[in-house]
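Chemist: The listed protein sequences derive, respectively, from chains A and B. Just so we're aligned, residue -10 is where the first sequence starts under my numbering, counting upward by one. Just so we're aligned, residue 784 is where the second sequence starts under my numbering, counting upward by one. No residue lacks a Cβ here, since even glycine has one placed at the ideal position from N, Cα and C.
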Amino acid sequence: MSIAGEVLAPLLEVRGLHMHFPITEGIVMRRQIGQVKAVDGIDLTIQRGETLGLVGESGCGKTTTGRCILRLETPTSGEIRYDGVDIAKLGRRDLVALRRRIQVIFQDPYSSLNPRMKVGEIIAEPMKVHGIQPDSGRRNGRVKELLSVCGLNPNFADRYPHEMSGGQRQRVGIARALALDPEFIVCDEAVSALDVSIQAQIINLLEDLREKFNLTYLFIAHDLSVVRHLCQRVAVMYLGRVVELADCDELFDNPLHPYTQALLAAVPVPDPTVEAGRAVRPLAGEVPSPINPPSGCVFHPRCPVAVTECKAARPELREVRPGHWVACAVVN
Amino acid sequence: MATKVALTNPAAAATNLRQAKDFRALSGNPGRKVPVPPLLDVRNLHTEFRTGAGVVRAVDGISYTVDPGEIVAVVGESGSGKSVGALSILRLIPDPPGRVTAGEILFNGRDLLGLSEDEMRQVRGGDIGMVFQEPMTSLNPVLTIGRQITETIEQHRGAEPAAAQKRAVELLGLVGIADAERRLKQYPHQLSGGMRQRVMIAIALACDPKLIIADEPTTALDVTIQAQILELMQELTRRLGVALIIITHNLGVVARYARRVNVMYAGRIVESGSAAAIYHDPHHPYTIALLRSVPRLDRPRQARLDPIEGQPPDLTRLGRGCSFQPRCRFAVERCSTAPPPLEPAGAPGQSAACYRANELDAGRAA
């Protein structure tokens, strides 16, 4: 909201995003025998400067959503409006310009850095690709600056990734993402592979950078306590759909969807006294296959409060209180 | 999940359970000496790896005990030696490059380090069951689930195939897998991650073990499945009186399930004690810092996290002193001279390896 009270256009607006992957059979006579509905109609908006958390278990489609926004996948259908322009169907040439503005930080700092390149080359590569800072002296200066912004010794530019610890490598990945001065970064499980003591360092770094460079984050993660710490709003996904979306505090203090409630109850708290007082009733069953998802509400086979209606109709995401959206027929 | 159990060897389970109960009754009375000897007594264990970069002392003199029926957690970050410690108990350290260089591992009074390879094979999967992190890589992809369970039973108990098959069906029921007959004919790739871990638990339980060592049993699983598996393990170990060593980096999992906790850093146990003591009144700076660095769902959001600065230690280049000293807020000169011994500090049964343990009061840990 601006001072005048008018609503600003969101930086990113996703409408009816579908990403279906074909399953094929045969080598010569290839034919499609089904499809994986990795993302099955989701809507999201992200305001400038905001951090939106996207949580869910493996296979819920959170990473695919991130990859569609990065246009590493071309969505089956739906709109992805970035700063007013639909990028869902952009061609190669236009994508290059887009990628200066949208960057990504991956989960695994071991596989996302080229082991044969020095750290300095890794960070300089985006600048080379996009033809900014063509002068190698100035480019190296920029690399050193980025290293120190990310809390690393500028001399690390001459090292190889294998000479560094996991936390240091993740800082290199972050420096690379910042090299083009992006405004929007997709953090795909950016702290999940790190040890607890290092995780906190990287979370603090991401927060500092957000402030310093006015960044907007889409923070994809499965660790709910980290998401709660970093995000302003949170979307919970289950089997390719958003089941709940709300402001961070509202979602964690007052979860409405039965899946969100189960997810929160399943997270153990590092305190034996608190734990002793909690009744743990794990959610039964497992996530169904996205090839053949259940009818109606995809969560109904595991849902403790499901009614007959849930099998028939897919519940739409509706606003049950200001800013709190839930896709559940039972919640009112 | 509650399944009716008919164990082929109910006597063993009953004995386990009785010992566990005796122990619990007695340990509630701190004035009396506990007559039940520990089930597992690890004494001054050292495990080294010879690498190109030098000798890595992955486990550097750890000692701890596990009582019958007890759940003990070993917590630590990558490279702390928690897994190597567990693999050393089972004598599964690949040699070369690894070797247990010193120590004793007394299991039921017998030193496992003195056993022959044949005798050891009887212990593994017999008296001591194992559950590993990655159920896909620890199960054999070309054998059916059924064969992998019956193999254990036939090897250890000399059971006839038909009896082993019957027992396998029973075990799958025990770990909450419905439709056991059909599942036994399936291969690991046909099961989900959670199901595979249930199969691993079934194999671990196949020969009525007295102890199960679970190395990061739920790290590869989603949080709702993690909750299912941990509840299952807790319920089964309690019901069958099996002791459990759970190795994890997840402080929440430890708080929910363990009675006693050993915190490891750079190959040593830096603090040990009851879960309540470790979490509410930690006496080692590493434990204090570790607990403070995690965001918690049960507390108001913090403005900023309080991380442990610096990097984990390089095990080939450890100094003479305390290995946490370079990252420690409370370090003094003495800390860089010699590693501090694990000594009583705080609550009864709690000890910490820090020269300043008794100066660090509870207020700082909150």
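Could you check how far apart the C-beta atoms of A/Gly156 and A/Ile121 are, in whole angstroms? I think they sit under 8 Å.
Modeler: Actually they do not touch by this definition, with Cβ atoms about 28 Å apart.
Chemist: Below 8 Å on the Cβ atoms is my contact criterion, and I expect B/Leu926 with B/Ala951 to pass it. Report the Cβ-Cβ distance as a whole number of Å.
Modeler: That pair is no contact at about 13 Å.
Chemist: Kindly examine the ligand PLP and report whether one of its heavy atoms sits closer than 8 Å to the Cβ of B/Glu1092.
Modeler: With respect to small molecules bound, the structure shown includes none, and the ligand PLP cannot be examined in it.
Chemist: Using CA atoms only, rank isn't needed, just tell me which of A/Leu1, A/Lys107 and A/Val215 is closest to A/Val74.
Modeler: Checked all of A/Leu1, A/Lys107 and A/Val215; the closest Cα to A/Val74 is A/Leu1.
Chemist: Could you check whether the stretch 1054 to 1061 of chain B touches the stretch 888 to 899 of chain B, counting it as contact only if at least three pairs of C-beta atoms, one from each stretch, sit closer than 8 Å?
Modeler: Segments in contact, no.
Chemist: Does the Cβ-Cβ distance between A/Val287 and A/Arg307 come in under 9 Å?
Modeler: Result no, Cβ atoms of A/Val287 and A/Arg307 do not sit closer than 9 Å.
Chemist: If we require 4 or more residues per run, which alpha helix (DSSP H) segments fall completely within the stretch 994 to 1029 of chain B?
Modeler: Listed in chain order, the complete alpha helix (DSSP H) runs (minimum 4 residues) inside the stretch 994 to 1029 of chain B are 1006 to 1023.
Chemist: Using 9 Å as the limit for Cβ to Cβ distance, is A/Gly(-6) near chain B?
Modeler: Here A/Gly(-6) scores only 46 on pLDDT, less than 50, and its place in the model is too uncertain to base an answer on.
Chemist: Pull up the distance between the alpha-carbon of B/Leu1004 and that of A/Asn243, whole angstroms please.
Modeler: Answer to the nearest angstrom: the Cα atoms are 26 Å apart.
Chemist: Quick check: B/Ser1134 and B/Leu1125, are their CB atoms within less than 9 Å of each other?
Modeler: In contact: B/Ser1134 and B/Leu1125 (Cβ atoms closer than 9 Å).
Chemist: With distances taken between CB atoms, is the gap from A/Arg270 to A/Ala254 smaller than 9 Å?
Modeler: Going by C-beta atoms, A/Arg270 is nearer than 9 Å to A/Ala254.
Chemist: Can you tell me the Cα-Cα spacing of B/Val1053 and A/Thr34, whole angstroms?
Modeler: So the two alpha carbons sit approximately 47 Å from each other.
Chemist: What residues from the stretch 1054 to 1072 of chain B come within 9 Å of chain A, judged by C-beta to C-beta, listed N to C?
Modeler: For the stretch 1054 to 1072 of chain B, which is checked against every Cβ of chain A, the residues closer than 9 Å are Ser1057, Ala1058, Ala1059, Ile1061, Tyr1062, His1063, Tyr1069 and Ala1072.
Chemist: Where B/Arg1042 and A/Ile174 are concerned, what is the direct C-alpha to C-alpha distance, given to the nearest angstrom?
Modeler: Near 42 Å, if we compare the C-alpha coordinates of A/Ile174 and B/Arg1042.
Chemist: For A/Val85, count neighbouring C-beta atoms within 10 Å of its own C-beta (all shown protein chains included) and say buried if the count is 16 or more, exposed if not.
Modeler: Classification of A/Val85: exposed, given that the 10 Å Cβ count is below 16.
Chemist: Would you identify the three-state DSSP class for A/Met18, choosing helix, strand or coil?
Modeler: Correct three-state label for A/Met18: coil.
Chemist: Please determine, among B/Thr830, B/Cys1118, B/Gln973 and B/Arg981, the residue with the shortest C-alpha to C-alpha distance to B/Gly959.
Modeler: Cα-wise, what sits closest to B/Gly959 is B/Arg981.
Chemist: Give a yes or no on contact between the stretch 204 to 218 of chain A and the stretch 1084 to 1097 of chain B, applying the rule of three or more CB pairs nearer than 8 Å.
Modeler: Because the criterion of three Cβ pairs below 8 Å is met, the stretch 204 to 218 of chain A and the stretch 1084 to 1097 of chain B touch.
Chemist: Nearest to A/Thr297 by alpha carbon, out of A/Trp314, A/Pro311, A/Val319 and A/Asn281?
Modeler: When only C-alpha atoms are compared, the closest one is A/Val319.
Chemist: Taking 9 Å as the CB-CB cut-off, is A/Arg217 touching chain B?
Modeler: Yes, because at least one Cβ of chain B sits closer than 9 Å to the Cβ of A/Arg217.
Chemist: In whole angstroms, give me the CA-to-CA distance for A/Ile111 and A/Ser181.
Modeler: The alpha-carbon atoms of A/Ile111 and A/Ser181 are separated by roughly 22 Å.
Chemist: Round the Cβ separation of B/Ala1121 and B/Gly1104 to the nearest angstrom and send it over; I've been treating them as touching at under 8 Å.
Modeler: That belief holds up - the Cβ atoms of B/Ala1121 and B/Gly1104 are roughly 6 Å apart, short of 8 Å.
Chemist: Short of 7 Å in beta carbon distance, which residues of its chain neighbour B/Pro1109, apart from the five on each side in sequence? Order them along the chain.
Modeler: If we look at B/Pro1109 and ignore the five residues flanking it on each side, its Cβ neighbours are Gly1093.
Chemist: Just to confirm before moving on: does the CB-CB distance between A/Leu183 and A/Pro98 stay below 9 Å?
Modeler: Yes, Cβ-Cβ distance for A/Leu183 and A/Pro98 is below 9 Å.
Chemist: Report the neighbours of A/Val185 on chain B: residues whose CB is nearer than 8 Å to its CB, in chain order.
Modeler: Ordered by position in chain B, the residues that pass the 8 Å Cβ test against A/Val185 are Glu860, His1032, Leu1034, Leu1073, Ser1076 and Val1077.
Chemist: Identify whether B/Lys968 lies in helix, strand or coil by the three-state DSSP scheme.
Modeler: DSSP places B/Lys968 in coil when its eight states are reduced to three.
Chemist: Would you call the stretch 831 to 845 of chain B in contact with the stretch 1021 to 1028 of chain B, where contact means no fewer than 3 C-beta pairs closer than 8 Å?
Modeler: No: the two stretches stay apart, fewer than three of their Cβ pairs being nearer than 8 Å.
Chemist: Is A/Thr40 closer than 9 Å to A/Phe208 when the C-beta atoms are compared?
Modeler: Going by C-beta atoms, A/Phe208 is nearer than 9 Å to A/Thr40.
Chemist: Give the single residue among A/Leu252, A/Ala77, A/Asp238 and A/Cys176 whose Cα lies nearest to the Cα of A/Glu68.
Modeler: Of the listed residues, the one whose Cα sits closest to A/Glu68 is A/Ala77.
Chemist: Please identify the residue among A/Gly42, A/Leu102, A/Gly38 and A/Lys26 whose C-alpha is closest to the C-alpha of A/Arg148.
Modeler: Nearest option by C-alpha distance: A/Leu102.
Chemist: Does B/Lys993 pass the burial test, meaning 16 or more other C-beta atoms within 10 Å, or should it be called exposed?
Modeler: Looking at its Cβ environment, which holds 16 or more other Cβ atoms inside 10 Å, B/Lys993 is buried.
Chemist: Let me confirm a value: A/Val108 is counted as buried when at least 16 other C-beta atoms fall within 10 Å, else exposed. Which label applies?
Modeler: With 16 or more Cβ atoms within 10 Å of its Cβ, A/Val108 is classed as buried.
Chemist: When the cut-off is 9 Å and only beta carbons count, does B/Met919 lie next to chain A?
Modeler: No, B/Met919 does not count as interfacial toward chain A.
Chemist: Is the CB-CB distance between A/Met226 and A/Cys57 below 9 Å?
Modeler: Their beta carbons are not under 9 Å apart, which means A/Met226 does not touch A/Cys57 by this criterion.
Chemist: Taking only runs of the alpha helix (DSSP H) that begin and end inside the stretch 891 to 973 of chain B, which ones reach a length of at least 4 residues, in chain order?
Modeler: DSSP runs (the alpha helix (DSSP H)) wholly in the stretch 891 to 973 of chain B: 900 to 906, 918 to 921, 928 to 940, 944 to 957 and 963 to 967.
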